[in-house]
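>
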Amino acid sequence: MITLKINGAQKNWDGDPDLPLLWFLRDEIGLTGTKYGCGQALCGACTVIVDKQAVRACITSVSDVVNRDVTTIEGLHPTGDHAVQKAWRQLNVPQCGFCQVGQIMQAAALLLENPKPNHDQIREAMAGNICRCGCYQRIENAVHLASTGV
Amino acid sequence: MNIITNPKKLRGFERYVKVDNVSRRSILKGLGLAGGFVLAAPVMSRPGFAAYKTGAGEMPHGTVVDPRVFVAIAPDGIVTIVAHRAEMGTGVRTSLPMIVAEELEADWTRVRIQQAHGDEVKFGNQDTDGSRSTRHYLIPMRQIGASARTMLEGAAAKRWGVPATEVKAVNHEVVHSASGRRIGFGDLAADAAKQSVPSVEGLRLKDPKDFRYLGKGQISMVDLRDITVGTARYGADVRLAGMKYAVIARPPVTGGKVASFDGAAAMKVSGVEKVLEVKGWPWPSKFQPLGGVAVIARNTGAAIKGRDALKIVWDDGANGKYESVAYRAELEEAARKPGLVVRKEGDVEAALKGADKVIVAEYYLPHIAHVAMEPPVAVADVKGDKAEIWGPVQSAGGTREDVAKTLGIPQENVTVNVTLLGGGFGRKSKCDFALEAALLSKELGAPVKVQWTREDDIRNGFLHTVSVERIEAGLDKGGKVTAWRHRSVAPSIASTFAAGALHQAPFELGMGLVDMPFEIANVQCENPEAAARTRIGWFRSVSNIPRAFAVQSMVAEIAHATKRDQKDMLLELIGSPRIVKLDSVKDLWNYGEPYDSYPIDTARLRKVVELVADKGGWGRSVPKGHGLGIAAHRSFVSYIATIVEVAVDDKGKLTVPRVDTAIDCGTYVNPERIQSQIEGAAIMGLSLAKHGAVTFKDGKVQQGNFDDCPLLRIDESPAVTNVYIAPAGPDTPPSGVGEPGVPPFAPALINAIFAATGKRIRALPIGKQLEA
């Protein structure tokens, strides 16, 4: 039996300890905000925050995050009003929206580490998150906005 | 011979009865909202009318203009508007209801959206593709809103005992200004429902100068908040009690099948419950599943792990030797010989012979995969002769038909719930993934989710075609182009529907080949044969991508050869402002639109070139290693021109400091979403030009994920993308937005690279070509 801490709540798992965290979140405990995009940490759609770092849930096994704080989009902010979320809405960032949870979690993790990233630092930090609709210009502007006050 | 002569029938071959009468029963099922419009009046279908005609009525099931189908008003005043098209990021789920709200005089903050399930008899055509939603539905949605408004006004007038002409709906109330009385929509809803539905012909539409929402762009997508907090529901997010999770190992070669398999090791994987062979259809079979071996588990992770442990022997079938390098050579060989003539003006042969100079170039575009961020996925719950589907489908009505046919049950027994689409780009016009889920649910007697992995998506999709475009341009002594021969060779989408399709269908020929708008005396377009070796499908902007790449590259090649400015050359070739006559084209598709309403108008093409040149600073001086390129293209009956600035360093590293795009899409609804679509098109254009290629060896796709099939990332994206929307005349019909941004991007980029480096790229993707 493994016990995980997801958004502050204890969750138990007695199945395969190698199960990727992504599928535990989505299929076993119904936190579907975190998305599947590639399964190989190549696109960032499944980004969650573990302790204070952005982590790709698709290649992180449940046993890797025992005794660590996992934050998903559902736990990012109690009313969904994290500065990054607000900036995203203010600039109408999304198109289809599917990658945006991963983008938002990555941006939130970036601001934890570097509250005032410059243009190049934003692009570097967000380069692991693919958006097929091509919202990059707005993503960059929204991260900048979130860092300077929404 | 093309198999498909009427592209409007492409969704299937066997159907397409235009429905003139909406059955009372289907209407009465209605919205089912308590306190909504009570559906009492006799029901009849209402074809739209407008100052201009569109092809909407020719689509399967046409349009339905009936406020009782699309609008419900609750006693508390909340107005519910049905969104009957699929949302995949274009904003259609916001924009079409916004049109209804505008005419209805509804206050947008008191409007709620309800997604329609798949039912084209009730809602009209639901194929969300071809950049058609606004152009086909602007007028019908206005009529629906105006009709509901008229019923509310009629109810208020009756209550007050005054003529209807004295009352007016204003911002969620009806007002009688003479007496100062006013009643909210909620208080009028029940009475309004008793009003007869007014005739469409008698409706008063708002004067555009009074619009509050249309053309303004201040309203955000209705799904915006849900997307940012993770509650937006996509196909994969649907969870049903007792639902099983499935992944399927599909034949790696198109037309292949399972010879034998061993699922013993898969069954040992923790969480795996069952391994079974699933039915496939022989290729080509439209959107029917490929078949293979399914692994059923308690979660998706276990199903994937189980699938990895399967041992399968495949019978590859006839396409087992498909190989991309050799196929390109085949296409090039075909392009160098005469082919089926599909447009002919003057005598191109003689004009080329008599030319002072002939410029010849061949342009190659490989297969491209859609790679929507949400891979195909669907949930099905089949019980007896009833089926319910949840999924990200672009074609809800078509999915319903195909599920019914595949399961052998009546359409009325199939409910298709449309979730948000995590990107579509044409991939999700094909409902194979929903059919797989339906078949598995039937087999297992339980709800099933079929999840495609990224590898499945890239290896088992419906790829963009692969093409060689060969253009020969003959110039006289003065440098004027007098001859233009364009041979276009590519396997057709028709090959996915039926065997033996060797030529492009009219709807493919009409995307930048036979509709080429240049003013040249001798023009000939030819389409040599090409046999498909894999499934070919629509990809955002379809054949316009290779055609615009070729034609607009050629313009710059001619400009260079004759020492002229690219933009001047482009305007010279477009020629005088005129309506292009294409008498020699037997079947000018014109995106399904009547030519009277949507002609090829070179004045509008010139206008976007001039607009982007002006706003985008064409001719500005740029630093060393930088270059500017321009391209213009009409597609989906919109006009668009793009300028790209590139920088190429001495190691061949390409960056894009700036992109400027001008679009004329006629009357427009939501400029904010137009801007986002064009910004995104630049990214997709740059992505396919730089990286996008799916290649085959031994019949199998060689790529599988974002490592070997890369998409553009933010650190490669243009520093700035500016979008200019050309103002439209008051009666200019609306035209496409979702797709037209893509085609001109690659040639503008390639022309810019030439300006920067002197290297002319004629085969995409660019890959390492600049490093040489």
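For the record, the sequence lines run as chains Y and A. At position 133 of the first sequence the residue is numbered 133 (our numbering), and the sequence of numbers has no breaks. Offset between the second sequence (1-based) and our numbering: plus 150. In this text, a Cβ means the ideal position worked out from N, Cα and C, and glycines have one as well.
#1: Roughly how many whole angstroms lie between the Cα atoms of residue 65/Y and residue 103/Y?
#2: Quick one, are the C-beta atoms of residue 246/A and residue 260/A less than 8 Å apart?
#3: Looking at the secondary structure, which residues open and close the beta strand (DSSP E) in which residue 665/A lies?
#4: Which of the residues in the segment 810-828 of chain A, read from start to end, lie with their CB under 8 Å from any CB of chain Y?
#5: Report the start-end ranges of each alpha helix (DSSP H) in the segment 448-509 of chain A that is 4 residues or longer and not cut off at the edges.
#6: List the DSSP bridge partners of residue 630/A.
#7: To the nearest angstrom, how far is it from the Cα of residue 583/A to the Cα of residue 590/A?
#8: Of all Cβ atoms in chain A, is any one closer than 8 Å to the Cβ of residue 127/Y?
#9: Terminal residues of the continuous alpha helix (DSSP H) containing residue 101/Y?
#10: Residues of the segment 846-865 of chain A in Cβ contact with chain Y at a cutoff of 8 Å, in chain order, please.
#11: Are there any heavy atoms of the ligand MG lying less than 7 Å away from the beta-carbon of residue 645/A, as far as the coordinates show?
#12: When DSSP builds the beta bridges, which residues end up paired with residue 320/A?
#13: For residue 113/Y, go through chain A and note every residue whose CB falls closer than 7 Å to its CB, in chain order.
#14: Would you list the residues sitting across from residue 513/A in a DSSP beta bridge?
#15: Considering only residues of the same chain and omitting the five flanking positions on each side of residue 627/A, which have a CB-CB separation below 8 Å?
#16: Name the chain Y residues that come within less than 7 Å of residue 521/A, Cβ to Cβ?
#17: Going along the segment 67-81 of chain Y in order, which residues come within less than 7 Å of chain A, judged by CB to CB distance?
#18: Which residue marks the beginning of the beta strand (DSSP E) containing residue 789/A, and which one marks its end?
#19: Helix or strand or just coil, what does DSSP make of residue 142/Y?
#20: What in chain A is Cβ-close to residue 32/Y, meaning under 9 Å?
#21: Within 10 angstroms of the Cβ of residue 222/A, are there 16 or more other Cβ atoms? Answer buried if so, exposed if not.
#22: Between residue 691/A and chain D, is there a C-beta pair that is closer than 8 Å?
#23: Going by DSSP, which residues form a beta bridge with residue 850/A?
#24: Comparing the C-beta of residue 524/A with each C-beta of chain Y, is any distance below 8 Å?
#25: Could you spell out the range, first to last residue, of the alpha helix (DSSP H) harbouring residue 776/A?
#26: Of all the residues that make up the segment 89-109 of chain Y, which are near chain A by a beta-carbon distance shorter than 7 Å?
#27: Look up residue 925/A in the DSSP assignment and give the residues it is bridged to.
#28: Among 124/Y, 141/Y, 148/Y, which one has its Cα closest to the Cα of residue 863/A?
#29: Quick check: the segment 512-525 of chain A against the segment 211-225 of chain A, are there 3 or more CB pairs under 8 Å?
#30: The alpha helix (DSSP H) with residue 558/A in it runs from where to where?
#31: Which residue wins for smallest C-alpha separation from residue 745/A, given the options 759/A, 425/A, 757/A, 730/A?
#32: From the DSSP output, in three-state form, read off residue 703/A for me.
#33: Residue 603/A versus chain Y: which residues are under 9 Å apart at the beta carbon?
#34: Would you verify that the beta carbon of residue 198/Y is, or is not, closer than 8 Å to some beta carbon of chain A?
#35: Taking 8 Å as the CB-CB limit, is residue 417/A close to chain Y?
#36: Give the DSSP-derived three-state secondary structure of residue 421/A in the structure shown.
A quick look at the data gives this:
#1: 21 Å
#2: no
#3: Premise fails: residue 665/A is in no beta strand (DSSP E) and is neither H nor E.
#4: 822, 826, 827
#5: 450-458, 474-485, 498-503
#6: Paired residues: none, contrary to the question.
#7: 11 Å
#8: yes
#9: 100-113
#10: 855, 856, 857, 861, 862, 863, 864, 865
#11: Absence of the ligand MG is noted for the structure shown, with no ligands found whatsoever.
#12: 323/A
#13: Chain A residues near residue 113/Y: none, gap ~17 Å exceeds 7 Å.
#14: 619/A
#15: 506
#16: 132
#17: 73, 74, 80
#18: 788-798
#19: helix
#20: 380, 381, 383, 384, 386, 387, 388, 389
#21: buried
#22: No chain D appears in this structure, whose protein chains are Y and A.
#23: 403/A, 847/A
#24: yes
#25: Element bounds for residue 776/A: not the alpha helix (DSSP H) but the beta strand (DSSP E), 776-785.
#26: 89, 92, 94, 95, 96, 97, 98, 99, 100, 101, 104
#27: Given a span of 151 to 922 for chain A in the structure shown, any question on residue 925/A remains unanswerable.
#28: 124/Y
#29: no
#30: That residue, residue 558/A, is in no alpha helix (DSSP H); it is neither H nor E in DSSP.
#31: 730/A
#32: helix
#33: 36, 38, 39
#34: Summary: the structure shown does not reach residue 198/Y, with chain Y confined to residues 1 through 150, and so no result is reported for it.
#35: no
#36: coil
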